[in-house]
Amino acid sequence: MQGISVQIGAQVAHQANLSKCPPGHSLDELDMLMDKAATTIQATWRGHLTRKQIMTEQAAAVTIQAAWRRYIAREYRAMQRQEEAAQIIQAHYRGYMTRQALAECQQAATTIQAHWRGYCTRRDLIQHLHGRVIKIWTLSNWHVLMTVAVSLGHLF
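In my numbering, the protein residues as written are 7 to 162.
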């Protein structure tokens, strides 16, 4: 639509210029000058539009890049928070497992100590009882010997 009005405007100007054509100039020369002027105006306008388009695209690219960088930064922070949470969970789990292993070792040590004390107590009791049995046996044998000696008439 805008191109049509530019063409109509150019034709109107051309008609007006025909009547004002200076003497000594041909209509072809005037047409060439008008074409050159139109080409210059069109080139300038296209350059303006192109520069404006480039600036718009650059601004859009900067906006997109900034949004992308913000997104990456948010994702990185979220990943860091997840890693920190995982490290905390792992540390708690390792602590729990260490405490469990320590409790198991302490229970095993307590069991071994109880068995050792029981063994030592039984050994000492057996030794004590063995000593008493020997004394009793010795005394009972002595008594038997004395009874036999008295019955045989031998006294020491």
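Ideal Cβ positions, reconstructed from N, Cα and C, are used throughout, including at glycine.
Of all Cβ atoms in chain C, is any one closer than 8 Å to the Cβ of L108?
-> Of the chains in the structure shown, none is chain C; there is only one protein chain.
For N159, does the three-state DSSP call read helix, strand or coil?
-> For the purposes of this step, residue 159 is taken as the residue at position 153 of the sequence shown. It should be noted that the sequence gives Gly, not Asn, for residue 159. DSSP places G159 in coil when its eight states are reduced to three.
Go ahead and pull the three-state DSSP assignment for S146.
-> Here residue 146 refers to the residue found at position 140 of the sequence shown. S146: helix per DSSP, three-state reduction.
If you draw a straight line from the C-alpha of W143 to the C-alpha of I132, how long is it?
-> As a working mapping, residue 143 is identified with position 137 in the sequence shown. As a working mapping, residue 132 is identified with position 126 in the sequence shown. Answer to the nearest angstrom: the Cα atoms are 16 Å apart.
What is the rounded straight-line gap between the Cα of A73 and the Cα of R100?
-> Sequence index remark: in the sequence shown, residue 73 carries index 67 (1-based). Sequence index remark: in the sequence shown, residue 100 carries index 94 (1-based). So the two alpha carbons sit approximately 40 Å from each other.
How long is the line joining the alpha carbons of T153 and I140, rounded to whole angstroms?
-> Against the sequence shown, residue 153 aligns to sequence position 147. Against the sequence shown, residue 140 aligns to sequence position 134. One C-alpha to the other measures close to 19 Å.
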